[in-house]
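Whatever position you read off the sequence shown (first residue = 1), add 23 for this note's numbering. Every residue, glycine too, gets a C-beta built ideally from N, C-alpha and C. The structure displayed is predicted, hence computed values, not measured ones. See structure below.
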Amino acid sequence: MTSGVNPFRHFLLAGMVMVVLMFVLKFLAASLIEGEQLKPVLDWFGHEHQQSAGIQSETQSIPGHTNPVTPRSSVRYQWQALPDRPPSPMHNPWNKARAEVGKRLFSDTNLSLDRSVSCASCHDNDTHAGADGRPTAVGVGGQAGPRNSPTVWNSAYQQWLFWDGRAASLEEQAIGPLLNPIEMAMPSAEALVARVREDRVYIELFEQAFGSADAIGINEIVAALAAYQRTLITPDSPYDRYVRGDTSALNPVQLRGMALFEELGCVNCHSGPNFSGAGILANNSPWRIFPALDTPFEQQYQLTEDLGMAPAGSTKGVWRIPSLRNVAQTAPYFHNGSVTELEEAVRIMASAQLGHQLAQTASESEFVWSDDGYLIPVQRRTVTEQEVQAIVAFLESLSGELSHY
């Protein structure tokens, strides 16, 4: 036996070092590539950093239920149940009398120019979960509007209303359809007030709700409509029961979909108790570019013919983040109502918004050496059809019955 160094031992140690080094390089390259790929998108949205703590949403100031119950360990996200009641502004405190007036107004076709259309015509609370089942809204004279009718259910938890988010409150939103030339087409607020005054039942109802027989004005009309809409909430879905502690409320497929909803990045936008928050990005803007990426879906479903709030010269639309509550009941989907199946909507979002691939088998990104000496990804995260179905199952768990409080 000699005192020299064993060459085999050297070779073994060198091999181990190389293996460790390759893993480190792969990790660093993946991190750098991911960061470089994400930065243009984040900058595009006006967000340059991500928060390291939990999700912030537009409903963060609303007292409600929070529970760290999750389908897998997570320090980034806390699932939240819907609060039992939405907030009301100081200038329009909720009371039952106002909501009752609003309920009558909501279904009153006399509030439209030809007395044929009511709010309920486009927001059916009996069969379409607060929407209407059509691609786009239909107004007076059978005119077709340019956009899909969003559900009014849980709209009280939204900070911004309409597809483009141009209204900052339910009160501001309520006047829009009444005076819109396609929807209800009343020529002015004065003409609308005169229509309401024609029905003497309203005189007594408004007196009870607002304390005066002369209280029928445009401000009172929209206040009553807003008060009624604040009763249209669904706080007891299977998802809510699960987050509140009922572990039997979701089945294994729904739990898998819940985990995928976070894993794939859906929570980056659809966060908070109403699944309409701004997500984990530092700037809590409720608007997003959609579709963010170029895919065949863009032309197939005419997703950029209407650009929403996008500035002049844009090629991509800018839209408010919609709630996903009761989404399984509110087809067709997107601002133009072009997608009839929830599964297809999930595929579109996974591909055109999150940049994932669609395939039958899942595979995490692998890395290879490029000709110029860099590690590059072979492919992005691939979403299988089975995973799409799991996400749909989870989204179905967000459906609940109206509370009628």
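Excluding five sequence positions before and after SER139, the CB atoms of its chain that fall closer than 7 Å to its own CB belong to THR132 and VAL163, given in chain order. If you draw a straight line from the Cα of LEU316 to the Cα of GLY340, it is about 11 Å long. The beta carbon of LEU202 is closer than 6 Å to those of MET209 in its chain, skipping five residues each way along the sequence. With contacts defined by Cβ atoms closer than 7 Å, TYR180 and PRO109 form a contacting pair. Here VAL266 is buried. Its C-beta has 16 or more other C-beta atoms within 10 Å. Per the C-alpha coordinates, the member of VAL369, TRP117, GLN196 and GLU221 positioned closest to VAL245 is GLN196. LEU136 is the residue among LEU136, GLN325 and ARG311 whose C-alpha sits nearest the C-alpha of GLU213. The beta carbon of ARG220 lies closer than 8 Å to those of ILE226 and ILE239 in the same chain, with the five residues before and after it left out. Spatial neighbours of ARG218 in its own chain (CB-CB distance under 8 Å, excluding positions within 5 residues in sequence) are listed in chain order as ASN133, LEU134 and MET209.
The alpha-carbon separation between GLY268 and SER178 amounts to approximately 25 Å. Taking C-beta atoms under 8 Å as the contact rule, PRO261 and SER420 qualify, at a distance of about 4 Å.
Listed in chain order, the non-local C-beta contacts of THR338 below 7 Å within the same chain comprise THR327, local neighbours out to five positions each way being set aside. By the C-beta criterion, the segment 153 to 161 is judged not to be in contact with the segment 184 to 196, since fewer than 3 inter-stretch pairs fall below 8 Å.
Excluding five sequence positions before and after TYR324, the CB atoms of its chain that fall closer than 8 Å to its own CB belong to PHE357, ASN359, SER361, VAL362 and ILE371, given in chain order.
Short of 8 Å from the beta carbon of SER192, and not among the five residues preceding or following it, lie these beta carbons of its own chain, in chain order: PRO112, LEU184 and ALA249. Put simply, the backbone Cα of SER308 is about 25 Å away from that of PHE417.
Runs of the alpha helix (DSSP H) lying entirely within the segment 247 to 330 and spanning at least 4 residues, in chain order: 261 to 266, 275 to 286 and 320 to 323. In the structure shown, ARG370 adopts helical secondary structure according to DSSP, grouped into three states. Of the other Cβ atoms in all chains shown, fewer than 16 fall within 10 Å of the Cβ of GLY165; this residue is therefore exposed.
Straight through space, the alpha carbons of ASP263 and PRO275 are spaced by roughly 16 Å. If you compare the alpha carbons of PHE320, GLU424 and GLU366 with that of ILE414, the shortest gap goes to GLU366. Secondary structure note for GLY340: its beta strand (DSSP E) is the uninterrupted segment 340 to 343.
In the DSSP assignment, the residues bridged to VAL362 are TYR356.
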